[in-house]
Every structure is written in C-alpha cells, then in structure tokens.
C-alpha cells in the first residue's frame, strides 16, 4: 500500500512525523510512504535516520497550512500545500490513502473537496476508536458535523457499521445512540427522531446508551452528532489525564506511596498503553470516496506509525467501497429535504468557497 | 433551618435516606429535618437509631412516585406523594428547603410547578459541582433542559454566577462556555450565538472552554445545555469508574501489584473522597422561587447528609433571592420571542399537563 503522509502536519513536524513514517516502513513489509512537503526540509530530516530508502519517497509541496488558517482559505489559496498534495495523490491514484496530523479542519475539508462524497452520503463523519472495559468502541461522529439532522445520524450509524464490520470482522456490530436515558422517550429532539429511524433500520440497533455506560463494552458503535462527539472525546481525554495527575498527587502524599508506586508502575504503564490514543493512530473520515486518516496534532512517531497502519488496512480492505455498498439504494434525504437543506446555512460547510464548520482537533 | 426531606426518595429509601437525615441533625446544630412520607414506615425505620428526637419530625404523605411514572402523571395524580409534600412545605413556609433523591424529573417538575419560577427566569437549570485539579467547578445545566436557545444559556450563566458567588464567596466567578474550540467561531449554532450574548454581558466571561480543559480549574462556572451537561456528567462518572476498574485489573496482573496496591491504598481512598459525588450531596434547581436540591438516586447516607447541608446553606443565604436580584431588570426573552416559544413544542415541559422533558438522573 502506498500511503501519502503530510510530512509538515503535526505539532512536532516534520521530524516526529517523518520518524513515524520510518517506523511504519521498517515494521510493515507492504507499506510505502510518500512524504509530501518541503523537499529540502524533508531531506534534511531524513538524513538523521537509517531506513529502507526504497520504501520512502518525497513529493514536493511548496506550502504549509498554518493552524490559524481557515479551511476555505486553505482550499482557495494554498493549492500547493502538503495536506492538499497528499490528498491529490490519492485522487490521482498515485497513493492508496492519505494521512495528516496537521490542521484537522483543513484536512477534512480537503479530503471532502478533492475526493468527493460517496453516493447517498450527505455528511462524511469522523470515526474514532475509544477504549472500553471490554476492548474498544467506535464513536461516530467525533467532530466533523456540529449541527445535524436525524438522517445524518442514521447515515453515521450505517457508515460506522460498515467500518466496524470491515476492520474488526464482526458481522453485526451493536449500534447504540448516545442519549440521556435508555428509554426511547429520553433525549433531545434530535436523538428522539433519530431513535425512530434507527429502530426502523436493518441495523443491529440496541437502543439509547447513557454517558455512564459508553465505556462498559455493551456497544460497538456509538452514534452522536459531531459537537457532542468531540466534547465526549475531549472530556474523556482531559478526565483521564486529570485522574492520573490527582492519583499521583495523592500517592505522593502518603508515606508508603513512593514505594507502592514503584511496585504498580508496570501496571500503570500497561494501563496507559491500553488507553493511549496513539495506539489507535488516528481517525478516518468516513463517507468520502477514498481513504483519509486524521491524526491528533500532538501525534508522536508511534501515533503516526499506527495511523499509517490503519490507513493501509482501510485501503487494502477498500472500506470506502464497503461503505458505498452499505448505502446502496439508500437515500435518507429525499430531494425536497435536500432543497430545504441547501437553502439554509448548514451546508455552507460543504462548499470550498465558505468556511467549513469542521473542527480543528 | 428546617429541611423537608423526601424520606421515600432514593434507591435505598427509606432506611438510607433517613440515616442521612439523622447524620445531618447529629452533625449540624441548626438543622431540623422534616421527613415526608409513610409515617408508619418512617417510624419503624427511626426505631433503629438513637438521635436528637427534637430535631426530627414526620409529615405524612400517603403516596410514593414510582421511577417509571412521568412527571405529568405524578403532578396530576399523586398530589399526596412524599416529593410533593416536601415541596409543599417549602411553598407554605413550613420548611426552608426541600431535598429529594427520588425521581429527579418529578422532583424538578414538582419544584417548578409548586414554587414557580423567579421573575425573568425562562428555564430553571440544574447546577452540579464537579471536581477539578484546582478544587471544583460548577456545571450548569446538568440535565434540566434538553433543547435550549442562546438566551437560556445566558440565563444559566447568570444563575450559575449568582450561586457560585453566594456559596463560595468569589466576587467574580470565571464563566466559560463549553464548546469544541477556544475561538468564538468554533461551536454549533447554539454556542456561537451564546458566545456573543455572553461577551456582551457584564459577566466575567473567559470564552469557550474545550472538553479536555474542564477539569483544569481554569473556569468556575461552565455553561452548556442540559443534554450535553448530562452527558458530560455521566461520561465523567462512567470514565472515572472505568479507569479505576482498569487500573485495578492491571495492578492485579503484575507480580508486585498486590503489595504496591496496599501501599497506595490510603492515597486511593483520598482520591475517591475528593472525587466522590456524595461529598457534594446533590444539585440545586436554580431559577425557582425557593430552594430544592435534587440528589442522586444512588445516594448514600453521607450524600443525603451533605445534600441537607447544601440545602441549609442555600436557604440561609437566600440564594434564590440573590439570583432574582442578579436577573432584576433583565429579560432575555422579549414578548415576541415568548409567544413564538409558547407556540412550539419546547415549552410543553413547563406545563403540568404535559410530560416535562426533564431528565431522570
């Protein structure tokens, strides 16, 4: 698999991002990485490493999207950016998938604009793997669409279902709707309407799931709008860090704490490994016509390596074709609804001429 | 202070609920608790304990609201319930505050219906204290209103501000809006509009706060709609439990784990104490004309005791009058908007004849 990696994307780019690429090509036989970005800088960074040179190539891009720049600005004015070039390579079949740890809003908008949506997809969505007591679950949408209609959430469920089945080989993933009570009458206007759609679908819909139960392992795919999904993701990240800090602080305050901590340290390491987002590498944008993985800005080399692995896995399984198949014959938005939608503000995000409402992660 | 306690409310009522009342009157000099509920059952439960009998009285209520009953049903058909009687006592000035660990949707609807809203309040909201690295913060709305307008969120901010100032003696609490990015352009339609209102208010508005930062201690009052607030609250509860389970599991898997765990156990105890919801006792419904504390269904005696303490503190400081004062001269909803609101479904919840959209916590 040929993976186009935005070498200039990420808080510690290009060095750490490139190091991730080199780890990937060293560890996985069938992966070739095309680094997009400033050739001079990439070459300089590569000189620090020994690696299988035949598995790395460089595709020059003269520009870099800065974190303060808007998706619409990037799409209109930075057509030679490292993100854009990575996606262009996929579009032109010179790469099988793209990975970026840069400006996630720009990466999503670029993937959407360049690769386009799959048939019957109204809104592509970010699908993130999160750890649970039983292993993991998929949260969709984790931040691509901040204001949604019930039909969008149904679509997220179908896309999450197809993705989960393809990646984890589970025939019929358990789909749940994130809400504030298990009963179908509990929730806001959006989730109550979505509940009806999911109940009438052919998905393995197990009902509403409450916030306190998402980590229980009872659901495989948890559906919500991107605003809530992003908040759930970030609250979880923040709380996990806070708990570890509080625990360390309390441990330091008891006399036997230091010694005890030394003794449980391997366990803490295992726990961290199990819950570390870098193990999952990044999150795909589902619903586009191709494979694009959005990675955390703070990505370590390990996270980049894993993102490349996920991209390669998705591309080789042709997950976007599986999703297209899943949605075949389905159109959750009839034309009347579409017209109404296109006339209001919510769809500005889909046009490169306006600011997209996508989230910078 | 005379606190009316719904003795039949709570998963372990009446015994555990009553035990909490006895702890409260034993620990605090100036508190008298009126237990509302089945006199026979309460008397039987009281016989198990020694306590200052002059500080406990019983107010008979022949009915109990069951967990599956709707707020509208309870309001229309169970006028002699233990929840209703507790609130009635406040209404008739026979008690200074009410506390219930029963059906939280019913408790909120009853408080709203019997005590009424303060002038200029459109939607009362639940204010919950949550632990942070720096101590704690107030989350408002934690579950009362699932679909909100920007003006509602502004109102929550004012109510949270007044409450925080009164309870924690902080002159100018830092108010933040929960969103998916710090910039004012980040968020959904609701938060982007709310941002403008908060910026133009005289509150100490510090801007948007992301999910990962809510536990940092950078904000005193965090504003959001009740759907998101409830999910944040429950996700936090669930994740904290999950992390402790995962850690214990990992610790059990390393050879030196058992001994190490014994050594850090006092630290874990301190940590649990610091993050245990029962320390905060319960959450007030702000914006009603009186004091009513909604407690967790799973409340322990300690949680009930603390809820009684919070109720007493709020009543003695006359927090509802402080909130009324804060909102004096403010009407975030002009009459035109009000008419529009009353004509749509969202306000059904405010009428006892329809199901309220309040959350069962």
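Residue numbers (our numbering), protein chains in the order written: chain X, 1 to 361; chain A, 1001 to 1361.
Glycine included, C-beta positions come from ideal geometry on N, C-alpha and C.
The structure displayed is predicted, hence computed values, not measured ones.
Counted as a single uninterrupted DSSP element, the stretch harbouring residue 1247 (chain A) is not any beta strand (DSSP E) but the alpha helix (DSSP H) occupying residues 1226-1252. Counting only Cβ-Cβ distances below 7 Å, residue 266 (chain X) has contacts in chain A at 1254, in chain order.
In this chain, the beta strand (DSSP E) harbouring residue 206 (chain X) covers 205-210. Between the region 87-107 of chain X and the region 246-260 of chain X there are fewer than three C-beta pairs closer than 8 Å, too few to call the two in contact. By a beta-carbon distance limit of 8 Å, residue 316 (chain X) contacts residue 1 (chain X). Their separation comes to about 6 Å. Residue pairing of residue 1283 (chain A) in beta bridges, as defined by DSSP: A:1294.
Residue 211 (chain X) and residue 181 (chain X) have their C-alpha atoms some 9 Å from each other. Apart from the 5 residues on each side of it in sequence, residue 1052 (chain A) sits with its Cβ closer than 8 Å to the Cβ of 1025 and 1026 in its chain, given in chain order. Around the beta carbon of residue 67 (chain X), a 10 Å sphere encloses fewer than 16 other beta carbons of the protein chains shown; the residue is thus reported as exposed. For residue 1251 (chain A), a Cβ of chain X is located within less than 8 Å of the residue's own Cβ.
Remark: C-beta atoms of residue 75 (chain X) and residue 91 (chain X) do not approach each other more closely than 8 Å.
No Cβ-Cβ contact shorter than 8 Å links residue 99 (chain X) with residue 1266 (chain A). Any Cβ of chain X closer than 8 Å to the Cβ of residue 1178 (chain A) would place that residue at the interface, and such an atom is present. Per DSSP, residue 130 (chain X) is one residue of the beta strand (DSSP E) stretching across 125-132. Boundaries of the alpha helix (DSSP H) harbouring residue 1015 (chain A): 1015-1027, taken from the DSSP string.
At the C-beta level, residue 1118 (chain A) and residue 1327 (chain A) come within 8 Å of one another. Note on geometry: alpha-carbon atoms of residue 275 (chain X) and residue 1244 (chain A) lie some 13 Å from one another. By the Cβ neighbour-count rule, residue 1017 (chain A) is buried, with 16 or more other Cβ atoms within 10 Å of its own.
Nearest neighbour of residue 1162 (chain A) by Cα position, chosen from A:1030, A:1196, A:1325 and A:1264, turns out to be A:1325.
If you compare the alpha carbons of X:136, X:280, X:321 and X:223 with that of residue 302 (chain X), the shortest gap goes to X:280.
Counting the other Cβ atoms within 10 Å of the Cβ of residue 1192 (chain A) gives 16 or more, which makes it buried. Look at residue 63 (chain X) here: in three-state DSSP terms it is strand. Legend: CB atoms of the region 1268-1280 of chain A lying less than 8 Å from CB atoms of chain X belong to residues 1268, 1270, 1271, 1274 and 1275.
The shortest C-alpha to C-alpha distance from residue 238 (chain X) to any of A:1251, A:1214 and A:1250 is the one to A:1214.
Closest by C-alpha distance to residue 1285 (chain A), out of A:1159, A:1020 and A:1131, is A:1159. Under the Cβ distance rule, residue 1206 (chain A) does not count among the residues neighbouring chain X, no pair being separated by less than 8 Å. Non-local C-beta neighbours of residue 120 (chain X) in its own chain, meaning closer than 6 Å and more than five positions away in sequence, comprise 327, 330 and 331, ordered along the chain. Around the beta carbon of residue 168 (chain X), fewer than 16 other beta carbons sit within 10 angstroms, so the residue counts as exposed. Excluding its 5 nearest sequence neighbours in each direction, residue 133 (chain X) has C-beta neighbours in its own chain below 7 Å: 215, 216 and 217, listed in chain order. For residue 1237 (chain A), the C-beta contacts it makes with chain X under 7 Å involve 212, in order along the chain.
For residue 1176 (chain A), the pairing in a beta bridge is given by DSSP as A:1207 and A:1222.
Residue range 1032-1037 is occupied by the beta strand (DSSP E) that includes residue 1037 (chain A). Within the DSSP secondary-structure output, residue 1135 (chain A) pairs in a beta bridge with A:1132. The C-alpha of residue 37 (chain X) lies about 7 Å from the C-alpha of residue 63 (chain X).
Contact between the region 187-206 of chain X and the region 126-145 of chain X is not established, with fewer than three Cβ pairs separated by less than 8 Å. Within chain X, not a single residue places a beta-carbon under 8 Å from that of residue 1297 (chain A); the smallest gap is close to 12 Å.
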